[in-house]
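Asks:
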Amino acid sequence: MSSEYERSDSYSDLDSRWSDFTGDESQPDPADDFVFEFHSVDEELGPDQRWSTWLEVERGSRGPEPRPPWVVTEQAAIDTELGVLKTGKEADVFLLERAVEAIGDNPAKSSLLAAKRYRTEEHRSFHRSTSYVEGRRTRNSRDSRAMAKKSSHGRSVAAGQWAYAEWDALNRLWKAGVPVPYPVQVDGTELLMEFIDDGEGGAAPRLAQVRPSKELLGVYFEQLRNGMRELARAGLAHGDLSPYNVLAQAERIVMIDLPQVVDIVGNPKGMDFLMRDCHNMATWFTNRGLEIDEQELFADLLTMVF
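With the numbering used here, you'll find the sequence shown wraps up at 336, consecutive numbering, no jumps.
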């Protein structure tokens, strides 16, 4: 023990003997060991920009794992609104770019998202039929009372309910392998999801807008049937499926507009909604030259339910 104390004492006057080690008569500055490099960051955002809200939402309001590699999760990312993709009776869809600049060894990263923003009831020109929501309940009793009174808070809750209903459906169906956009996050009445493009920077067309070849028509139908079967396996029907709610991205189809998904068994009209989905899609494919029997499609889907 004595040798340790002696060694410690021998270095107690290290500062006074600095010149013996270095030949420098000046004294060492402890601050020399701490060198920081600062880079100014422009925090001025444009009128159509905001900081990414990814970390502002609850963990359960972010997309399911494993997340696609294109999802930008960095806190320093900026959301830039690029324009309107679609205006609807109850929601508008905007094109959003979420991007982060290169920081150190981390490369720059960006992705395009579809931002679907539901309107409150006083700004909507269409109200979804209550038939879709039979069996659904609002957990928060205060919210239930506010919705019944149609207060401003109640109207916001109602709009948010549709956003979260679509969020829940997208999460559930994405995990089940149904061809739907990847759900990125939900925040109040805004739902961010994968932007389905046409391969050239624009939005993918709706199925109703394309004229596929006979071969591609068959490819589309097989994908659609498999998607409807996975929906049915989960006990659900789209509820509003039509060629206008299906996107055609090259040889891939994607189902969209899912806030009204219907519990086939729990909803008294569940079977009717499923049959209507079958009728709408069978009619479109048949009119394009691919004979589809809606009753056979309906029966096939029922085998997935029971």
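Quick reminder that beta carbons are idealized off the backbone N, C-alpha and C, glycines included.
1. Could you give the distance in angstroms between the alpha-carbon of D217 and the alpha-carbon of A278?
2. Sort out for me which residues DSSP pairs W81 with in a bridge.
3. Let me check understanding here. Comparing Cα to Cα, which of L261, A238 and D323 lies closest to F336?
4. In the structure shown, what three-state DSSP assignment does Y212 receive?
5. What are the residues that DSSP puts in a beta bridge with A278?
6. If you run the structure through DSSP and keep just helix, strand and coil, what is D302?
7. Identify, in the order they occur along the chain, each residue of the same chain with its Cβ nearer than 8 Å to the Cβ of A312, setting aside the five sequence neighbours on each side.
8. Could you tell me whether the region 77-89 touches the region 101-116, where touching means 3 or more Cβ pairs closer than 8 Å?
9. Classify E88 as buried or exposed, calling it buried when 16 or more other Cβ atoms lie within 10 Å of its own Cβ.
10. Looking only at its chain, what residues have a beta carbon closer than 8 Å to the beta carbon of Y274, apart from the 5 residues adjacent to it on each side?
11. Alpha carbons only, please: which of L115, I286 and L331 is nearest the one belonging to W197?
12. Grab the span of the beta strand (DSSP E) containing A132 for me, first residue to last.
13. Which value, in whole angstroms, describes the spacing of the CA atoms of T150 and V123?
14. Rounded to whole angstroms, what's the CA-CA distance from N297 to A267? Just pull it up for me.
15. Which residues does DSSP list as the beta-bridge partners of E220?
16. Taking 8 Å as the threshold, find out whether the region 213-230 comes into contact with the region 191-205 through three or more Cβ pairs.
17. Between the Cα of G229 and the Cα atoms of A280, T103 and R97, which residue gives the shortest distance?
18. Using C-beta distances below 8 Å, list every residue in its chain close to M12, excluding the 5 sequence neighbours before and after it, in chain order.
19. Measuring alpha carbon to alpha carbon, tell me which of L126, V291 and V130 ends up nearest A145.
20. Would you kindly work out how many angstroms separate the C-alpha atoms of A264 and W84, rounded to a whole number?
21. Going along the chain, which residues of its own chain have a beta-carbon closer than 6 Å to the beta-carbon of Q105, five neighbours each way excluded?
22. Give me the Cα-Cα distance between Y212 and Y250, rounded to the nearest whole angstrom.
23. In this structure, does DSSP put V295 in helix, strand or coil?
24. Determine the contact status of G269 and V284, defining contact as a CB-CB distance below 8 Å.
25. What's the C-alpha gap between T316 and A129?
26. Return helix, strand or coil for L203, following the three-state DSSP convention.
27. Give the DSSP-derived three-state secondary structure of V123 in the structure shown.
28. Can you say whether D135 is buried or exposed, counting buried as having 16 or more other CB atoms within 10 angstroms of its CB?
29. Considering only their Cβ atoms, is the gap separating G93 from Q215 smaller than 8 Å?
Replies: In short, the structure shows the following:
1. 28 Å
2. I108
3. L261
4. Looking at Y212 - three-state DSSP - the assignment turns out to be coil, as it is neither helix nor strand.
5. I283
6. helix
7. Once the five neighbours on either side are set aside, the close Cβ partners of A312 are I322, D323, E324 and L327.
8. yes
9. exposed
10. R236, L237 and A238
11. I286 is the residue among L115, I286 and L331 whose C-alpha sits nearest the C-alpha of W197.
12. First-last for A132: undefined, no H or E at that position.
13. 15 Å
14. 10 Å
15. R147 and D217
16. yes
17. With distances taken between Cα atoms, G229 lies closest to A280.
18. The displayed coordinates of the chain run from 31 to 336. Any statement about residue 12 would go beyond what the structure contains.
19. Of L126, V291 and V130, the residue nearest in Cα terms is L126.
20. Taking the straight line joining both Cα atoms gives about 29 Å.
21. L85
22. Roughly 19 Å between the two C-alpha positions.
23. coil
24. no
25. 43 Å
26. helix
27. Shown here, V123 sits in a strand according to DSSP, grouped into three states.
28. exposed
29. yes
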